[in-house]
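One structure is given below, encoded as structure tokens.
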Amino acid sequence: MAALTTDAVLEVLSGVVDPELGDTIVNLGMVGEVRIDAEGAVEVEVALTIAGCPLRAQIERDVTQAVAGLEGVTGVEVQISMMDADQRAKVMERARRAAVERGTDTIDQRTKILAIASGKGGVGKSSVTVNLGVALARRGLKVGILDADIWGFSVPRLLKLSGPVEAEGGKMLPKTMPCGAGSLSVLSMGFLAEEDKAIMWRGLILNRAVQQFVEDARWGALDYLLVDLPPGTGDVAMGLAKVLPRAELLIVTTPQAAASQVAARAADMARRGTLRVAGVIENMADFTCEHGTTYALFGTGGGQRLAAQLSVPLLGSVPLDPSVASGGDAGDPVAAHDGHLGQVFAQLAEVVASTLAPAAGLEGCSAQMLRNLEAALEGSD
Numbered sequence: 000m001a002a003l004t005t006d007a008v009l010e011v012l013s014g015v016v017d018p019e020l021g022d023t024i025v026n027l028g029m030v031g032e033v034r035i036d037a038e039g040a041v042e043v044e045v046a047l048t049i050a051g052c053p054l055r056a057q058i059e060r061d062v063t064q065a066v067a068g069l070e071g072v073t074g075v076e077v078q079i080s081m082m083d084a085d086q087r088a089k090v091m092e093r094a095r096r097a098a099v100e101r102g103t104d105t106i107d108q109r110t111k112i113l114a115i116a117s118g119k120g121g122v123g124k125s126s127v128t129v130n131l132g133v134a135l136a137r138r139g140l141k142v143g144i145l146d147a148d149i150w151g152f153s154v155p156r157l158l159k160l161s162g163p164v165e166a167e168g169g170k171m172l173p174k175t176m177p178c179g180a181g182s183l184s185v186l187s188m189g190f191l192a193e194e195d196k197a198i199m200w201r202g203l204i205l206n207r208a209v210q211q212f213v214e215d216a217r218w219g220a221l222d223y224l225l226v227d228l229p230p231g232t233g234d235v236a237m238g239l240a241k242v243l244p245r246a247e248l249l250i251v252t253t254p255q256a257a258a259s260q261v262a263a264r265a266a267d268m269a270r271r272g273t274l275r276v277a278g279v280i281e282n283m284a285d286f287t288c289e290h291g292t293t294y295a296l297f298g299t300g301g302g303q304r305l306a307a308q309l310s311v312p313l314l315g316s317v318p319l320d321p322s323v324a325s326g327g328d329a330g331d332p333v334a335a336h337d338g339h340l341g342q343v344f345a346q347l348a349e350v351v352a353s354t355l356a357p358a359a360g361l362e363g364c365s366a367q368m369l370r371n372l373e374a375a376l377e378g379s380d
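Residue numbering for the sequence shown follows numbering that gives the first Met the number 0, beginning at 0 and increasing consecutively.
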């Protein structure tokens with residue numbers, strides 16, 4: 000068993016991001032003393048910028064989840080305190096420097112950013128992304144979908160959308176369509192390239208493409224932005240923490256043990272890149288034939304095993320059903336309808352909306368203080 004040390008605790012806390020300030024709580028200097036007793040109980044002091052911050056519960060939960068995943072931990076207690084004026088000023092300056100280093104995005108601070116990832120291709124990640132987006136929009140929400148799978152883009156076909164992209168004031172305008180009581184706004188390389196032509200990009204060029212979809216697009220006031228990542232742990236997925244440091248990952252896996260183990264690598268990549276893993280979605284679960292007999296064609300329990308391994312919730316399980324594929328081929332997602340699969344995605348959207356809700360009422364918190372600091376510094380130039 001590896002030794003449980005303060006350094007190990009601080010290392011995993013380097014994966015906990017303040018969603019307003021866009022940097023880790025370790026880099027920002029929000030983590031105070033770490034105490035570990037002989038039984039493996041860990042106590043962590045965390046200082047927040049103001050009293051009554053609405054994100055206090057999320058930060059406490061993220062710290063607890065990160066530390067609880069360490070080997071040898073028997074319990075976690077988070078002690079919250081408030082910074083004094085000098086401490087707050089130092090945190091704001093660190094956050095400002097970090098924002099300058101990573102550039103700025105056009106995503107509203109209240110928008111919940113969820114990156115949909117998988118350990119490998121073929122698990123239905125893009126289909127889950129689109130159907131979840133549709134289900135959230137049908138709840139009356141404004142949802143954006145950023146198709147970051149630069150080589151293997153499929154979102155335009157799944158939604159029956161095609162290019163070209165319009166621009167206004169030097170910013171790309173996502174294609175927007177009504178969806179139930181809400182709306183979907185979509186950007187994809189599929190609007191800029193021919194569907195049957197290979198894109199031979201690597202490394203920095205790939206990351207720059209995703210950065211442009213974030214910084215050089217006018218997304219507007221979204222409730223959710225879903226980012227459909229390429230499968231695996233390649234350049235785009237690794238670069239996401241720099242482009243969108245407040246993104247949280249949802250890992251898509253199929254039920255078999257081999258698939259869920261591969262998916263765990265995507266989660267490990269995210270945490271090493273300081274991205275929070277928010278939950279697991281199991282796709283292609285039990286298949287029920289027209290006679291009512293159910294078959295576990297891809298095994299059972301992979302989603303729950305992965306969720307337990309990562310100490311995150313299993314947000315939902317989507318059954319294997321040919322209508323998901325046929326709906327995608329036709330550009331008519333099953334989540335847009337009220338059938339059985341539509342109800343499955345509606346339930347998934349309800350869980351996401353309740354457990355991963357967009358931020359609200361942040362004007363008095365850290366993000367607003369950072370904006371005030373930036374405005375004051377600009378005014379003094």
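The beta-carbon is built from N, C-alpha and C at its ideal position, and this holds for glycine as well.
No experiment lies behind these values; they were computed from the predicted model shown.
Three-state secondary structure (DSSP) at Lys159? coil
Quick check on this structure: which residue in Met29, Val45 and Ala65 has the alpha carbon closest to the alpha carbon of Glu10? Ala65
Considering Cα atoms alone, identify which of Thr5, Asp61, Glu38 and Gly39 is closest to Pro312. Asp61
Take Leu314 as the anchor and find which of Arg96, Ile280 and Val30 has the nearest alpha-carbon. Ile280
Tell me, to the nearest whole angstrom, how far the beta carbon of Val276 is from that of Ile250; I am working on the premise that it is less than 8 Å. 6 Å
Excluding five sequence neighbours on each side, which residues of the same chain lie with their C-beta closer than 7 Å to the C-beta of Ala136? Val142, Cys178, Gly179, Gly181, Ser182 and Leu183
With DSSP collapsed to three states, give me the class of Lys89. helix
Which residues share a DSSP beta bridge with Glu281? Thr252 and Ser316
By Cβ distance below 6 Å, which residues in the same chain neighbour Asp195 in space, the five residues on each side in sequence not counted? Because the pLDDT of Asp195 is 48, which lies under 50, any placement of that residue in the model is unreliable, and the number read from its coordinates should be weighed accordingly. Same-chain partners within the cutoff: there are none.
Local conformation of Thr128 per DSSP, three classes: helix
Evaluate the contact criterion for the stretch 36-48 versus the stretch 77-87: three or more CB pairs, one atom per stretch, below 8 Å. yes
Integer-rounded CB distance, given that Leu145 should sit under 8 Å from Leu69: Wrong, their Cβ atoms sit about 32 Å apart, outside the cutoff.
On the DSSP bridge assignment, give the partners of Cys178 in chain order. Gly181
Measuring straight from C-alpha to C-alpha, what distance separates Leu157 and Asp328? 6 Å
Indicate whether the contact test is met: 3 or more Cβ pairs, each with one atom in the stretch 114-125 and one in the stretch 244-262, closer than 8 Å. yes
Following the continuous alpha helix (DSSP H) through Ala324, name the residue where it begins and the one where it ends. Pro321 to Asp328
Would you call the stretch 126-133 and the stretch 333-349 touching, i.e. three or more CB-CB distances under 8 Å? yes
By a C-beta neighbour count over all protein chains shown, 10 Å radius and 16 as the cutoff for buried, is Gly123 buried or exposed? buried
Given 8 Å as the limit, is there contact between the stretch 163-173 and the stretch 258-265, that is, 3 or more CB pairs closer than that? no
So for Ile198, helix, strand or coil by DSSP? Here the model assigns Ile198 a pLDDT of 44, short of 50, so the residue's position is not dependable, and the following value carries that caveat. Of the three classes helix, strand and coil, the one that applies to Ile198 here is coil, per DSSP.
Bridge-paired residues (DSSP) for Phe286: Tyr294
If I follow the unbroken beta strand (DSSP E) through Glu70, where does it start and stop? Glu70 -> no beta strand (DSSP E), and no H or E assigned at all.
Please say whether Leu172 and Arg217 have beta carbons closer to each other than 8 Å? yes
Do Pro357 and Thr175 have their C-beta atoms closer together than 8 Å? no
Helix, strand or coil at Thr63 according to DSSP, with G and I counted as helix: helix
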